[in-house]
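If you want the working numbering, it's the 1-based position in the sequence shown plus 50.
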Amino acid sequence: MKTIENSKINSDQELKDLFQLIEKEDSQYHSFLSLHKNYARFDENRQGKLANVPIAIKDNICVENTIVTAGSKVLEDFTSPYDATIIEKLQNAGAIIVGKTNLDEFAMGSSTENSAFGPTNNPLDTSLVPGGSSGGSAVTVSANFVPVAIGTDTGGSVRHPASMCGVIGFKPTYGEISRYGVIAMGSSLDQIGIFGNRVGDIETVFNVIRGSDPKDSTSQIEKSKKSAKMHNSEKISLGIPYHFIQKGLSVEVKEKFEMVVEKLREKYEIVDISLPHIDYSLAVYYIIMPVEVASNMARYDGVRYGKNKNSLGDEVKRRIILGTYTSSAGYADKYYHRAQAVRKLILEDFKKVYSQVDYIMMPTSPVLPWKIGEKINDPMSMYLMDIFTVPVNLAGLPAISIPTKRDPLSVGIQFIANQFNDDSLLKDSKEFLEIIKNI
Ligand code: GLN
């Protein structure tokens with residue numbers, strides 16, 4: 051299992067060997083869209099917390115002078131003229147960006163099958179999807195190419211593939227990490243997230259890339275220092291919204307989740323909680339997100355960005371049409387404004403519950419990974435895969451998906467904290483992982 055500690059590159063040859071290994075083994079997974087063989091360098095004088103640590107980046111994040119496709123034909127020749135803030139920060143900390151990973155087109159999807167460059171396979175079973183939309187990044191960690199990888203999470207795109215591929219996936223509080231240089235999907239929901247095998251590695255990367263950035267007015271680290279708090283009482287309490295999770299859970303996930311709860315009960319207080327408006331999350335998300343998508347996609351008009359041809363995939367087009375419709379005059383009140391109002395209620399429910407419990411716990415995905423191709427023609431059933439992850443983005447909360455033992459598949463268990471409690475969530479997740487990884 052790769053960790054930051056055991057995968058530092060020590061010579062030019064070691065870096066070459068890593069590229070060779072990836073080229074050979076990734077032919078079964080297709081997790082990378084491009085390898086930065088001419089761009090990545092080993093440097094023995096490099097200092098910093100990530101000195102010569104190889105990292106993979108989702109291909110919707112800009113790295114200067116390299117192609118960034120967002121998984122779309124529209125951008126297949128587009129070279130970024132600048133670095134995203136997180137790329138600058140990773141490189142200043144000494145990281146080696148080894149390449150860009152596959153994703154659903156413009157991060158829209160839950161299986162990485164919407165990539166214009168073909169799907170990615172799950173290393174736990176290559177006939178299965180790796181989840182999405184950051185499936186490529188999840189696979190680079192799961193297949194042991196790199197110790198940590200970066201993704202983006204608008205409605206679950208880091209936690210969901212982490213859960214499908216048996217690795218840890220962390221999405222911080224909205225605004226903790228600058229989105230400058232990240233290709234926007236739903237701007238009020240988008241947040242960078244981190245994949246890894248150890249919670250400590252994720253913490254290290256998070257501390258390198260977090261912080262306010264004058265180039266992103268929604269990055270708000272200062273606020274986080276003020277409002278973060280530790281536990282309600284000495285014994286950590288975990289709230290489970292049973293009324294919500296009972297629906298739609300597959301037998302396998304349900305069984306595993308119950309085993310995990312029973313084990314955690316030995317050490318933590320388990321509380322049955324109620325989130326009265328959470329049932330509306332998926333409906334609210336699939337109104338608000340497409341409106342933001344429709345607005346963000348307007349720049350790919352072939353003049354400012356993108357090729358002057360109709361090369362967008364079906365899922366992207368579907369969302370542009372949906373978002374344009376639900377925000378148009380005459381319909382905005384009925385759909386978009388109403389969804390905004392319910393979004394507020396969902397957030398208020400979460401806030402209330404955090405005065406009773408420290409974390410909320412539920413499965414990350416309702417089902418185990420499915421066969422490649424199985425749901426591709428059924429967008430509604432694909433949208434249902436996000437049921438447990440989208441409420442977190444609507445409320446801007448930090449959350450982590452922690453894997454059970456690979457057997458050979460694994461189930462992701464999601465822990466959700468109150469806004470700005472990212473540090474305590476990560477600290478306590480080390481303990482959660484120690485227990486869950488054996489189940
Ligand atoms: N699967 C969700 C969607 O299709 C989430 C995507 C994401 O988080 N980028 O919208």
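No residue lacks a Cβ here, since even glycine has one placed at the ideal position from N, Cα and C.
Any non-hydrogen atom of the ligand GLN closer than 6 Å to residue i Cβ
| i | result |
| --- | --- |
| M158 | yes |
| D364 | no |
| D436 | yes |
| S183 | yes |
As assigned by DSSP and simplified to three states, the class of residue i
| i | result |
| --- | --- |
| I323 | coil |
| N346 | helix |
| S84 | strand |
| Q390 | helix |
| G185 | helix |
| Y292 | helix |
| I72 | helix |
| I286 | coil |
| R260 | strand |
| Q241 | strand |
| F482 | helix |
| A449 | strand |
| F167 | coil |
| V232 | strand |
| D266 | strand |
| I493 | Only positions 51 to 489 of the chain appear in this structure, which leaves residue 493 out of reach. |
| D93 | coil |
| N194 | coil |
| N360 | coil |
| G380 | coil |
| N56 | helix |
| I490 | No answer is possible for residue 490: it lies beyond the span of the chain, which begins at 51 and ends at 489. |
| K421 | strand |
| G206 | coil |
Distance cut-off 6 Å: residue i Cβ against heavy atoms of the ligand GDP
| i | result |
| --- | --- |
| G205 | Within the structure as shown, the ligand GDP is missing, the only ligands being the ligand GLN. |
Close beta carbons around residue i, own chain, < 6 Å, minus the five adjacent residues each side
| i | result |
| --- | --- |
| A344 | I370, G373 and T374 |
| Y350 | V124 and G356 |
| Y318 | I286 and L288 |
| I422 | P169 and V179 |
| S269 | G225, S228, S262 and D263 |
| D203 | K221, Q241 and G243 |
| E302 | L418 |
| A199 | A106, S187, T190, V191 and F245 |
| K150 | L83, S84, I107 and D109 |
Sequence-distant residues of its chain with Cβ nearer than 7 Å to residue i (five each side left out)
| i | result |
| --- | --- |
| A445 | I396, L397 and F400 |
| P104 | S57, I59, L68, I146, V148 and V196 |
| Y385 | I337 and T376 |
| F482 | I452 and F465 |
| Q78 | N171 and T176 |
| S479 | V249, I450, I452 and F465 |
| S207 | A157, G182, S183, S184 and G201 |
| N488 | K455 |
| Y404 | N468 |
| E75 | A193 |
| W420 | L178 and V179 |
| G205 | L239, Y335, M339, D436, T439, V440 and N443 |
| N394 | In the sequence on display, residue 394 carries Lys and not Asn. Within the same chain, K394 has no close Cβ partners at all. |
N-terminal and C-terminal residue of the beta strand (DSSP E) that residue i is part of
| i | result |
| --- | --- |
| D203 | V198 to D203 |
| T151 | I146 to T151 |
| P413 | Y409 to P413 |
| I463 | G462 to I466 |
| G298 | Run containing G298: none; DSSP gives neither H nor E here. |
| I489 | Note, I489: premise wrong, no beta strand (DSSP E); not H, not E. |
| G219 | I218 to K221 |
Start-to-end residues for the alpha helix (DSSP H) that takes in residue i
| i | result |
| --- | --- |
| K139 | T135 to N142 |
| P429 | P429 to Y433 |
| A106 | From DSSP, A106 is part of no alpha helix (DSSP H) but of the beta strand (DSSP E) over P104 to K108. |
| S213 | R209 to C215 |
| G352 | Where G352 is concerned, there is no enclosing alpha helix (DSSP H), given that its DSSP letter is neither H nor E. |
| G373 | D364 to T376 |
| K313 | V301 to R315 |
| P131 | Unbroken run through P131: none, as it is neither H nor E. |
| L444 | V440 to L444 |
Same chain only: Cβ atoms within 8 Å of residue i, ignoring 5 sequence neighbours per side
| i | result |
| --- | --- |
| I290 | V311, I320, V321, D322, I323, I410, M411 and M412 |
| R96 | N102 and G144 |
| E155 | A120, G121, S122, N164, S165, A166, L362, G363, E365 and V366 |
| P429 | E365 and R368 |
| L100 | I54, L140, A143, G144, A145, T254, V255 and V258 |
| L476 | F220, V249, I252, E253, F256 and I450 |
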